[in-house]
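Engineer: This is the structure I want to talk about, given as C-alpha cells.
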Amino acid sequence: MQLKTLEINGFKSFADKTVINFNSGITGIVGPNGSGKSNITEAIRWALGEQSAKSLRGGKMPDVIFAGSSARKPLNRAEVTLTFSNHDHALKTSFEEVSVMRSLYRDGTSAFYINQKPCRLKDIVNLFMDSGLGRESFSIISQGKIAAVFNSKPEDRRGIIEEAAGVVKYKQRKHEATGQLDETAVNLNRVADIIVELKDQVEPLKEQSSLAKDYLAQKKQLDEVTKTLLVRQIDEQVVAKKQQQTELKETRENLEQAKQNQAAFAQQVTTQKQQQQQLELELDQLQQQRLTLTKQQADVSGQQQLAGERRKVVQEKVANLMTTITTKQQQLSEQTDLVARNTQLLTEKQQQVAQQEKQLDLQQDGSLSASKRKQQIENLRNQYIDQMQQQTTLHNEAAYLQKQLTQENAVNKKQQNQSSAAQQRAAKVVAELDAAQKAFEQANEREQTLTKQLTDLTQLHQRHNQQYDQAQKNWYQALAIMQKAEAKQSSFAEMKQDYAGFYAGVRGVLKNRRQLNGIVGAVAELVEVPEKYNTAIETALGGQLQSVVVENQSAGKAAIQFLKQKQLGRATFLPLDVVHAAGLTQAQLTEVRQVTGFVGIAADLVTYDQRIAPVIRHLLGRIVIAKDITAAIQIANQLQHRIRVVSLSGDVMNPGGSMTGGGATKRGGLLARELEQRQLAEKLHAMQLQLDDKETALKTAKATLKKEEAQQVTLRQQQQTLTKQNTTAATTIATLKTQQAQFTQQQQASLYEKQQQAVTKKQVEQQLATNTTKTTALVTAMATLDKQLQQAQTDLTAYEANQNQTAKQRQAAQTSLAVAKEQLQHLKKEQREGQARKEDFASDLRTAQQEKEQLTKQLAQTGTTTDSVKAKLAKIEQQLGQQTTAITAKQQKRATIATALEQQQLQLDHAQAVVQQQDAKLTQVTANVADLNQQINHALTTLSETYELSYAAAEAAALSTATAELRQQAKLLQMGLDDIGTVNLGAISEYERLKKRYDFLNEQRQDLLTAKEQLTTTMTEMDQEVIQRFKTTFDQVAAAFSETFPKMFGGGQASLALTDPHELLTTGIEIIAQPPGKKLQQLSLLSGGERALTAITLLFAIIKVRPVPLCILDEVEAALDDANVDRFGRFLQHYDKNTQFVVITHRKGTMMAMDVLYGVAMQESGVSHMVSVSLKEATEVVQQ
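For the working numbering, count along the sequence shown from 1 and bump the result up by 26.
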C-alpha cells in the first residue's frame, strides 16, 4: 500500500485547492516557520479519523476550517482527500485504489466518503485499523513524540511499547470490565437489600398465613351449624306467615273495589300526563335543533369573515412580489453588463501577459547561453582527463585479460558438474512448495471464515449483553416502583379496614356490621364517582357521605341501640324501606337544560347498585351540578332558588339564595380516597403484568447469552487450532521459497558465468589486437581537445562582456511581468465573483416569479370559497325561521293540555281519599305479614349472600343434630374465633406471592455472583494477554533497538531494560546507550542531541518490529546537530524501501536525502502554497 495523492481544500492555511503527489521514495516537505508545513501532517491525521480538536492545535473541530486573512474571507468548509494505491490489498477491500475524503462545515456538519461513497467515521477507522495506519500505529511521528521518549519517566515510557504491542484496547476493555464489575456490585447490594426486606415480610406472613388457615377451618364448621339453624328458623316463620296471609286475604277483597274506582281516574290523569311529556320532548328537540342551527350560523359567518381576511393578505403579498420582481430584473441586467465588461478586460490583460512572457523567454535564452558556454568548457576538460585515464587502462588491459581467460576455463569445468545436481534439488523443492501453498491457502480461507463468524458472534453477544444489562436495570426500576405502589396500597387497605376518616359512631357500626343485621354500608362506600365530578359530589353530600344505609328501620334502630350500649358515638341511618327517591319536576329539568354550563343531575353522574337507588335519589336527586359558579348562579336564578346547585369546583348555591364557596388547602376526602384506591389497584395490576413480562425477557436474554458464550468458546478453540496450522504452514512455505530462490539464483549465476566466459575470451583477443590502435587514436584526440579548450575560453570572455547590459533589461521585464500577472489574477477573481452574483440574482428572480404564480392560484381559490359560504349561510337562516314557527305552535298546545290535566287531578284526589280509608284497615295485618316476610327474607338473604346457598340446598345439607345442641356448638365455635381474634386472610395469597418473588431474587443474586466471577476471570485473562504481548513486543523491540543503534550512530551499542521484570503490568523501561567513544550510561545522562537521536532510533526499531506502509516524520530531527542530521539522512536513504516516508523538515542534511522536495510558502499572507522539484530529475539535467 502506498499514499499516492493528498488533496487539501480549505483546511487551516490551505485556502485554495492543493494537490500533493507522493512517490515511492522519500518525500520531503520544507518551508520556513509559520508557513503551514505541519498543517499537512494534521490534514492527513484528520482525514484518517482524528477526533480530538486539541491534538490538531484547535479548541473545537470547526477551527480547522480556513479562518480568513487580511485579503480573504473565511471559508465555510474544509475538505481533505487521501488516495492510496492498494495493489497489495493491505486494506481489506477489493479496490486497487482507495480514496478517503473527510469534509466539515462551520455549522458542525461532517461528511465522510470512501471511494466517493458516503460512509461513517467508524467505517474509515475500521478500514485502516489493521493496515499499519490505525490510531495505535507509528505511522505519524512528531517532534513531541520524540521528546516524550527521552523526557518521560520509565513507567510512562512503557506506553510506547504498549502501543506497539497493541494492548491499549485490552486495557480499555479491562477498564470497561471494571465498570461492569462495580455496577454488578451495586446491583448485588440492591438485590441483597430487597431480599432482606422481603425476608422480614415473609416470616411474619408465614405465621399470619398459618393462623388464617386455622381461622378458616373453624369458620367453616361454624358456617355449617349456622346454616342448619337458619333452615329451622325459616320453617317456623313460614308456618306463622300462612296464618297471617289468610287474614290478609279477606281485608284485601274489601279494598279492591275502592282501588278500581281510583284506577279509572288515575288512567285518565296518566294519559294526559303522557301527552304532556311527549309534547315537552318535542319542544326540547325543536329547541335543540334551533340551538344547533344558531351555532352553525355563527360558524359560517366566521368562515366568511376569515376568507375575506385571507384574500386581502394574499393580494398584499402579490403586490409586494411585483415590486421584488422588478427590482431583481434590474439587478440582473446591471450584473450581466458588468460581467461582459470584466470579460473584455480579462481578455486584454491575458494577451498583455502572454506578450511579456514571450519577450522574457527570449531574454532568458540569452542568459542561458553563457552558462552553456561555461558548461562546454568544463565538458572539454573532463573529456581530456577521461582520455588520459583510458590510455593508462588500455596499457594494462592485455595482461589482465590473458590471466582472466586462464581462470575462466578452470571455473567453467567445475560449474558444469555443480549445475546438474542443483537442477535435481530445485525440481524437488518446487513440487513441495506447490503442495504447501495449496494447503496454506485452504487453511487461510477457513481461518478467515471462522474469524468473521467469531467477530459477528462477538458483536451480537455484546449487543445482547447490553440488552440484558438494560433489561435487568429496567426490572430493578420496575420492582422499586411497584414496591412503593404496594406500600401505598397497603396503607389504603389499613385505612379502609380501620374506616379511617369516618365519625366514631359510623366507624363503630361499620366495624361491627357482622353482629348487626341489615347494615348495607356507608354512602361513601356505596357510590363510585368519576374523577371530574369528585369535588362537586363530595361538596354536595358533605356529612351525608358518612350516613349509613340499612335494610329497614328495624336495622337502624338496632344499630342506634348498639351505639348507645357501647357508647361509641352517633350516626345517621337511611332505611331503604322508608326513604323515598326525590327529583326535579319535568318543567324544572327543561328549564335547567337550556342554561349554558348545565352538567347534569348529581344522582345521574354517579354509579351505584340499583338496590340503593331510592337512597341515592333521595340524597342527590334534587341537586344540580353546574360547570362553574357563573352557570350555577344562572341555574339557581332560573329555578328561583328552590334547588341546591353545586359547581364542579365546589361552589354551592343553597335553596333560599345563600351562597357557599371559597378556597382552602386541598385535602382528599372519602370519595377522593376511594377513587385513588381504585386507580392504584388498576395501576398495580398493570405493573405486575409489566414486571412479569420483564422477568420473562430477562430469563430469555440470559439463556441467549449463555448459548452465545458457548458458541464463542467453540469458535475460539477452532480458531486457535487453525492459527497454529497456518503458522506452521507459513514457516514451511517461507523456508521452501528461500531454497527455491537460492536455486534460481545459482542457476542464473551459472548460466551468466558461462556466457560471460565466452564473451570474455573473445573480447580479450579483440582487445589485444586493437590495443595499439586505440592508444594512437587517443593521443591524436587529446591534441584536438586541447585546441578546442583554448578557443572556447577566448569566446567566453568576449560573450560575458555583452551579457551585462542584457541582464539589466531582463530584470526590468521580469518586474513588469509580475505586476501584469497580479492584475490578471485580480481580474479573474472579480470575474468569478461577478458571475456568482449574476447567478444569485437570476435564482432570486425565478423564486419570486414562482411564488407569485402560487399566490395568484390562492386568490382564485379564495373567491370560490367565499361564494360557497354565502350560499350556506342563506340556507341556515331559512331553516331557523321554520324552527321558530314550529316551537310557537307546540307551546300553545302545551297550555291547553295543562288546563285539562288540572281538572282531572281533582277527581283523582277524591278517589284516593276513599282508598286511604280502606287501606287503614289493612295496615295492621300487612305489618304483621311484612315483619314475618322480613325475617324470612333476612334468613334467606343470609343463606344466599353469606353462604351462597338456596333454601333447598341448605335444607338438603342440614345437620340432624338437635337445635339446642347446635346452638351450643355455635357458641363454642364463635368463642374459638374470638380467641383467634382478627386475622389477615390476605396473608395466604400474599405469602405465596412474596415467597415466589423472594425465591426469584435469590436466583438473580446467584446470577449476579456468577457474572461477577466471570468478569473477574475475564480481567485476569486480559492481564495475562497484556503481559504476553508486552513481553513479546519488548523483546523484539529491544533486539531491533540494539541492531539499529550502531547503524544510526555509526557505532556504539544500546539496549532496553525493564525496571521491574517481575511486574510486567506496571514495569517501567530504561534506555541505556553508549554512543561511539563514550561509556555505557542511561539516556538521561546523554547530551540533548544524543538523546533525541537515541529516541529516533527507538522509534525506528519499533517500526521495524511493527512495519508501517507509510511513515510521516514531522521535524523529528529538529534537536540534532548537523553531524547527527547527516547520520539520520543516510539512515533514511538505506531504510527498508517497503516503507514510504514523508519527512517534514527544515534541516539541510535531511533535505539531501530526499527523492522529492515540496516547498511550503506563504506568498499571500495567511495562505499556504506548494512548490515541488524531483531531486533525481534535477541531477540528470545538470549532468546533461
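Glycine included, each C-beta is placed from N, C-alpha and C at the ideal position. Since this is a predicted model, take the numbers as computed values, not measurements.
In this structure, how does DSSP classify residue 666 when only helix, strand and coil are distinguished?
Structural biologist: coil
Engineer: Of the residues 473, 998, 239, which one's Cα is nearest the Cα of residue 1010?
Structural biologist: 239
Engineer: Go ahead and label residue 1106 buried or exposed: buried means 16 or more other beta carbons lie within 10 angstroms of its beta carbon, across all protein chains shown.
Structural biologist: exposed
Engineer: Since residue 546 is in the alpha helix (DSSP H), which residue starts that stretch and which ends it?
Structural biologist: Careful: residue 546 lies outside any alpha helix (DSSP H), inside the beta strand (DSSP E) at 545 to 548.
Engineer: Given a threshold of 16 other Cβ atoms within 10 Å of its Cβ, counted over all protein chains shown, does residue 27 qualify as buried or as exposed?
Structural biologist: Buried.
Engineer: Check each candidate in 542, 499, 287 and name the one with the smallest Cα separation from residue 727.
Structural biologist: 499
Engineer: Could you check whether the stretch 1159 to 1176 touches the stretch 1138 to 1145, counting it as contact only if at least three pairs of C-beta atoms, one from each stretch, sit closer than 8 Å?
Structural biologist: Yes, the stretch 1159 to 1176 touches the stretch 1138 to 1145.
Engineer: How close, in whole Å, do the beta carbons of residue 1070 and residue 1130 come, if the pair is a contact with beta carbons under 8 Å?
Structural biologist: 7 Å
Engineer: According to DSSP, is residue 528 part of a helix, a strand, or is it coil?
Structural biologist: Coil, per DSSP.
Engineer: Roughly how many whole angstroms lie between the Cα atoms of residue 703 and residue 508?
Structural biologist: In this structure, the alpha-carbon of residue 703 lies about 15 Å from that of residue 508.
Engineer: Given a threshold of 16 other Cβ atoms within 10 Å of its Cβ, counted over all protein chains shown, does residue 1194 qualify as buried or as exposed?
Structural biologist: Residue 1194 comes out buried.
Engineer: Can you confirm whether the stretch 643 to 660 touches the stretch 669 to 682 when touching is taken to mean that 3 or more C-beta pairs between the two stretches lie within less than 8 Å?
Structural biologist: yes
Engineer: For the structure I just gave you, are there three or more beta carbon pairs, one from the stretch 1041 to 1061 and one from the stretch 201 to 213, closer than 8 Å?
Structural biologist: Contact check between the stretch 1041 to 1061 and the stretch 201 to 213: three or more CB pairs, one atom from each, fall below 8 Å, which counts as touching.
Engineer: Just how far apart, CA to CA, sit residue 1150 and residue 53?
Structural biologist: Rounded to whole angstroms, residue 1150 and residue 53 show a C-alpha spacing of 20 Å.
Engineer: Shortest alpha-carbon distance to residue 295 belongs to which of 937, 80, 626, 72?
Structural biologist: 937
Engineer: Which word fits residue 212, buried or exposed, when buried means at least 16 other C-beta atoms lie within 10 angstroms of its C-beta?
Structural biologist: exposed
Engineer: What's the gap between the Cα of residue 455 and the Cα of residue 468?
Structural biologist: 20 Å
Engineer: Identify which residue in 1119, 281, 1035 has its Cα closest to the Cα of residue 1148.
Structural biologist: Of 1119, 281, 1035, the smallest CA-CA separation from residue 1148 is found for 1119.
Engineer: Which first and last residues belong to the alpha helix (DSSP H) in which residue 121 is found?
Structural biologist: That residue, residue 121, is in no alpha helix (DSSP H); it is neither H nor E in DSSP.
Engineer: Does residue 1099 come out as helix, strand or coil in the three-state DSSP assignment?
Structural biologist: strand
Engineer: Counting along the chain, where does the alpha helix (DSSP H) carrying residue 1045 start and finish?
Structural biologist: 1013 to 1075
Engineer: Apart from the five residues on each side of it in sequence, which residues of its chain come closer than 7 Å, Cβ to Cβ, to residue 1102?
Structural biologist: 1075, 1076, 1077, 1078
Engineer: Report back the beta-carbon spacing between residue 56 and residue 1177 to the nearest angstrom; my notes put them in contact at under 8 Å.
Structural biologist: 6 Å
Engineer: Should residue 1006 go down as buried or exposed, given a rule of 16 or more other Cβ atoms within 10 Å for buried?
Structural biologist: By the Cβ neighbour-count rule, residue 1006 is exposed, with fewer than 16 other Cβ atoms within 10 Å of its own.
Engineer: Along the alpha helix (DSSP H) that carries residue 1129, what are the first and last residues, could you check?
Structural biologist: Following the DSSP letters along the chain, one finds residue 1129 inside the alpha helix (DSSP H) bounded by residues 1114 to 1131.
Engineer: Is residue 394 helix, strand or coil when you go by DSSP?
Structural biologist: At residue 394, the pLDDT of 45 sits below 50, so the modelled position is not reliable; the number obtained from the coordinates is stated separately. In the structure shown, residue 394 sits in a helix (DSSP, three-state: H, G or I).
Engineer: What separation, rounded to the nearest whole angstrom, lies between the Cα atoms of residue 713 and residue 973?
Structural biologist: Cα-Cα distance, rounded: 34 Å.
Engineer: Give the straight-line distance between the Cα atoms of residue 22 and residue 927, rounded to the nearest whole angstrom.
Structural biologist: For the chain, the structure presents residues 27 to 1210; residue 22 sits outside this window and is missing.
Engineer: If you count every other CB in all the chains shown that lies within 10 Å of the CB of residue 998, and 16 or more means buried, which is it?
Structural biologist: Classification for residue 998: exposed.
Engineer: Go ahead and label residue 394 buried or exposed: buried means 16 or more other beta carbons lie within 10 angstroms of its beta carbon, across all protein chains shown.
Structural biologist: Because residue 394 sits at a pLDDT of 45, beneath the cut-off of 50, its placement in the model cannot be relied upon, and the point is left open.
Engineer: I want to know whether the stretch 677 to 686 touches the stretch 473 to 488 - three or more CB-CB distances under 8 Å.
Structural biologist: no
Engineer: Assess contact between the stretch 533 to 546 and the stretch 579 to 594, defined as three or more Cβ pairs (one per stretch) separated by less than 8 Å. Is contact present?
Structural biologist: Enough Cβ pairs lie closer than 8 Å, so yes.
Engineer: Okay, do the stretch 277 to 297 and the stretch 979 to 991 touch, 3+ Cβ pairs below 8 Å being the bar?
Structural biologist: no
Engineer: With DSSP run on the structure shown, which of helix, strand or coil describes residue 1134?
Structural biologist: coil
Engineer: Applying the 10 Å Cβ sphere with the 16-neighbour rule, what's the burial state of residue 958?
Structural biologist: buried
Engineer: Taking contact to mean 3 or more Cβ pairs, one atom from each stretch, closer than 8 Å, check whether the stretch 139 to 148 and the stretch 184 to 200 are in contact.
Structural biologist: no
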